[in-house]
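Structure first, commentary second.
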Amino acid sequence: MKWWQLALAAGAAAGLLTAQPVFAADSQVIRNEWQDEHLGPGVARWVDEDGNVWDQPGVRPDMADAAEGNGAAADENGTAEAAGDGTQENTADGVPTGDGVPSGDGASQPAAEDAAQETGRIIDPSKPMVALTFDDGPYGPVGNRILDCLAQYNGRATFYVVGERVPAEAAEMQRIVAEGHEIGNHTYSHKYLNKLNTAQIRQEIDRCADTVQSVCGVRPATVRLPGGNKNATVLAAVQEPIVLWNVDTLDWKTRNAQQTVSAVLDHVQDGDIILMHELYQASGDAALQIIPELTNRGYQLVTVSEMAQYRRGGLQNGQIYYSMKPQ
Ligand SMILES: [Zn+2]
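The numbering used here puts the first residue of the sequence shown at 474, with every later residue one more than the last.
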């Protein structure tokens with residue numbers, strides 16, 4: 474049984490829906506790092522330097538210390554708590570002039586560019602933007618509902634797909650690309666990379682990218698680490714830009730649309746990268762509320778590459794992005 478089948482089966486058991494996380498504080502020896510507690514796909518627990526455990530929905534704690542040895546990530550995180558003020562203060566560094574369509578990632582996302590041009594979609598870097606990300610798919614029954622809603626509101630999102638699921642969902646993959654969304658690399662089989670050696674890590678990344686490319690003709694520009702789990706070996710092996718998140722809906726755990734909606738709408742700020750999962754109908758239900766309301770509030774729904782283009786002048790290899798607040 475694959476991990477997502479386990480996850481779906483577990484979701485059918487009412488016990489999981491109300492289960493509380495098991496705390497094992499006395500076992501926490503690593504601080505300022507994601508703890509692999511096998512809580513579920515795509516999510517681990519954050520433990521800060523004082524041993525406080527974070528596993529609640531919403532915005533993560535300040536992660537300024539999260540990126541030892543990675544100045545860019547610290548820089549990303551350093552702005553996280555200050556986002557409440559000056560959200561309109563965008564220096565527009567690196568923002569291309571002209572028609573407002575990003576040009577930096579054309580090689581990896583040509584379809585996104587074309588779709589943006591065709592729809593006349595223009596991103597205003599001076600206005601708020603949010604990157605919705607959907608992990609662990611593709612899964613057509615939920616993904617197509619999300620895509621329908623994004624199309625209705627002319628929004629874009631990023632789908633971090635698991636490579637071994639891709640061939641069976643070729644139609645959805647091709648739709649994602651055709652409608653201007655971004656496909657990200659969530660490894661081939663969703664193994665926690667901090668458990669693997671360098672060769673195994675590269676195989677997980679490259680095999681996913683190869684599969685995506687063979688099915689829909691684009692190569693993912695960024696990597697999302699399963700569970701957010703990383704160590705020095707992972708960071709050395711993954712040269713691609715790593716995109717994590719700063720708003721964790723815990724949708725996989727609650728399987729509750731309203732809780733997922735609240736986790737986003739009660740906390741959302743300009744530059745957020747929001748983590749949801751494509752495997753659950755409740756997450757699709759939530760997306761159908763979140764997408765219209767964010768649009769109504771004036772947020773531009775952008776891909777992570779678009780956000781990087783407008784907020785950081787493009788993606789950089791070897792860097793970790795948790796959010797992209799205005800600078
Ligand atoms: Zn995942």
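Where is the CB? At the ideal position from N, CA and C, for every residue including glycine.
May I ask you to report which of helix, strand or coil DSSP gives residue i?
i      : result
Met602 : strand
Thr660 : coil
Glu713 : coil
Val696 : strand
Thr722 : coil
Gln754 : helix
Asn790 : coil
Gln800 : coil
Gln773 : strand
Glu541 : Unreliable positioning characterises Glu541 in this predicted model, as indicated by a pLDDT of 32, which lies under 50. A coordinate reading is not provided.
Note the first and the last residue of the continuous alpha helix (DSSP H) segment covering residue i.
i      : result
Thr706 : Ala705 to Ala710
Met646 : Ala643 to Ala651
Asp619 : Per the sequence presented here, residue 619 reads as Ile, with Asp not at that position. Run containing Ile619: Gly613 to Tyr626, per the alpha helix (DSSP H) assignment.
Asp679 : Thr671 to Cys689
Leu738 : Ala730 to Leu738
What is the residue span of the beta strand (DSSP E) that residue i lies within?
i      : result
Met749 : Ile746 to His750
Val634 : Thr631 to Val634
Would you mind working out which of the options sits nearest residue i, comparing C-alpha positions?
i      : options                           : result
Lys708 : Ser599, Arg680 and Ile793         : Strictly speaking, residue 708 in this sequence is Leu, with Lys absent from that position. Looking at the Cα atoms, Ile793 is the closest of the given residues.
Glu807 : Val711, Asp745 and Ala624         : The question about residue 807 has no answer here: the residues shown for the chain are numbered 474 through 800.
Pro714 : Val639, Thr722, Gln742 and Ala694 : Ala694
Arg784 : Asp743, Leu767, Met749 and Leu748 : Asp743
Ala644 : Trp718, Glu655 and Cys689         : Cys689
Arg728 : Ala705, Gly653 and Met749         : Met749
Ala651 : Asn670, His659 and Leu620         : Leu620
Glu751 : Leu774, Asp609 and Leu605         : Asp609
Gly801 : Gln676, Tyr626, Asn670 and Val716 : No answer is possible for residue 801: the residues shown for the chain start at 474 and end at 800.
Met646 : Arg675, Arg629, Tyr626 and Tyr612 : Tyr612
Val696 : Gln800, Thr606, Pro799 and Lys726 : Thr606
Ser796 : Cys622, Asp724, Ile747 and Leu761 : Ile747
Val691 : Leu761, Ala730, Asn627 and Ile649 : Ile649
Trp718 : Gly771, Lys798, Arg594 and Asn670 : Lys798
Ala781 : Glu655, Asn627 and Glu642         : Glu655
Cys622 : Gly786, Gln762, Val775 and Gly791 : Gln762
His659 : Gly653, Ala672, Gln676 and Asn670 : Gln676
Val634 : Ile674, Val775 and Gln686         : Gln686
Glu642 : Thr684, Gln731, Trp725 and Arg594 : Thr684
Leu669 : Val711, Arg629, Gly653 and Thr631 : Val711
Thr706 : Ile595, Asp597 and Gly791         : Gly791
Val720 : Gln731, His740, Ala624 and Tyr772 : His740
Tyr772 : Arg594, Gly628 and Asn667         : Gly628
Arg594 : Leu774, Leu788, Gln789 and Gly786 : Leu774
With a threshold of 8 Å, establish whether the CB of residue i neighbours any heavy atom of ligand 3.
i      : result
Tyr772 : Ligand 3 is not among the ligands present in this structure, which contains only ligand 1.
Between residue i and chain B, is any beta-carbon pair separated by less than 9 Å?
i      : result
Lys600 : The displayed structure is made up of one protein chain only, and chain B is not part of it.
> Would you say the stretch 694–709 touches the stretch 723–742, given that touching needs at least three Cβ pairs under 8 Å?
Replying inline: No: fewer than three Cβ pairs fall under 8 Å.
> Pairing CB atoms from the stretch 613–632 with CB atoms from the stretch 741–759, are three or more of them under 8 Å?
Replying inline: With a cut-off of 8 Å on Cβ pairs, the stretch 613–632 is in contact with the stretch 741–759, counting three or more such pairs.
> Touch check for the stretch 661–678 and the stretch 634–641: three-plus C-beta pairs under 8 Å?
Replying inline: Yes, since at least three Cβ pairs between the stretch 661–678 and the stretch 634–641 fall closer than 8 Å, the two stretches touch.
> Okay, do the stretch 601–612 and the stretch 767–774 touch, 3+ Cβ pairs below 8 Å being the bar?
Replying inline: The stretch 601–612, when compared against the stretch 767–774, does touch it at the 8 Å Cβ threshold.
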